[in-house]
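Residue numbers (the numbering used here): 1112 to 1341.
Note that the Cβ used here is the ideal one computed from N, Cα and C, for glycine as well.
These numbers were taken from a predicted model, which means no experiment stands behind them.
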């Protein structure tokens, strides 16, 4: 097995780890805790799910670590296609990871407020609930900002894969569509009131092309990869 094939597998395995850790942290843990528009219910759910919430933070940390690994691996793999664009793509994924890490600080603050000594912060339970909701919102907003950079990364990766002609054509096309979708969806989530209520539109723009495209790319990395790239 040549070095590019090994590196492809590293990227593919890292992508799988990102999928599983992010899905658990966001869709299984956080979304079952946060009740939009209801700080009291959100705080009550959080108090009943302390272990799950802490595991969600750990899963997000794992996601960030392997985002960096994927950024490095794809830069090395795609550098022969176009050195500057591959570096551009890597930097944008790294910026995404950094912004995400900043957002993660808000979740850590929630732990301090909810499970630390409330007397230190001089907060009533109602104030705790309001603060927790605020930090969840700030985490989500920061994540959306990071996803704009991630979308640009996907577009660059999609372009390089199209240029290399190694992967099946539908994979880079889906990655480009997903990248554009992330940028539109995240910007709308930040700027349009009640955009979160438009779940179906969000799914069409991001989830379908994103999940299908990135999963297909992951499978391709694991099964075939860049073994024929000179």
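Integer Cβ distance of residue i from residue j, believed to fall under 8 angstroms
{"i": "residue 1178", "j": "residue 1208", "result": "4 angstroms"}
{"i": "residue 1164", "j": "residue 1243", "result": "At roughly 10 angstroms, the Cβ-Cβ gap does not stay under 8 angstroms, so residue 1164 and residue 1243 are not in contact."}
{"i": "residue 1192", "j": "residue 1275", "result": "5 angstroms"}
{"i": "residue 1170", "j": "residue 1132", "result": "4 angstroms"}
{"i": "residue 1197", "j": "residue 1189", "result": "4 angstroms"}
{"i": "residue 1318", "j": "residue 1290", "result": "Not really, about 14 angstroms apart at Cβ, beyond 8 angstroms."}
Nearest-angstrom Cα separation, counted from residue j out to residue i
{"i": "residue 1264", "j": "residue 1258", "result": "9 angstroms"}
{"i": "residue 1222", "j": "residue 1161", "result": "8 angstroms"}
{"i": "residue 1340", "j": "residue 1123", "result": "A caution first: residue 1340 carries a pLDDT of 47, below 50, which makes its placement in the model too unreliable to give a value."}
{"i": "residue 1334", "j": "residue 1187", "result": "18 angstroms"}
{"i": "residue 1137", "j": "residue 1116", "result": "31 angstroms"}
{"i": "residue 1287", "j": "residue 1269", "result": "5 angstroms"}
{"i": "residue 1143", "j": "residue 1194", "result": "43 angstroms"}
{"i": "residue 1172", "j": "residue 1235", "result": "30 angstroms"}
{"i": "residue 1239", "j": "residue 1224", "result": "7 angstroms"}
{"i": "residue 1312", "j": "residue 1214", "result": "25 angstroms"}
{"i": "residue 1323", "j": "residue 1182", "result": "20 angstroms"}
{"i": "residue 1328", "j": "residue 1309", "result": "28 angstroms"}
Option in the options with minimal Cα separation from residue i
{"i": "residue 1260", "options": "1294, 1268, 1241, 1219", "result": "1294"}
{"i": "residue 1248", "options": "1206, 1167, 1300, 1289", "result": "1300"}
Buried versus exposed call for residue i [16 or more other C-beta atoms within 10 Å across all chains shown]
{"i": "residue 1227", "result": "exposed"}
{"i": "residue 1296", "result": "buried"}
{"i": "residue 1280", "result": "exposed"}
{"i": "residue 1256", "result": "buried"}
{"i": "residue 1216", "result": "exposed"}
{"i": "residue 1174", "result": "buried"}
{"i": "residue 1119", "result": "buried"}
{"i": "residue 1315", "result": "exposed"}
{"i": "residue 1139", "result": "exposed"}
Three-way DSSP call (helix, strand, coil) for residue i in this model
{"i": "residue 1167", "result": "helix"}
{"i": "residue 1187", "result": "helix"}
{"i": "residue 1247", "result": "helix"}
{"i": "residue 1156", "result": "helix"}
{"i": "residue 1279", "result": "coil"}
{"i": "residue 1162", "result": "helix"}
{"i": "residue 1329", "result": "helix"}
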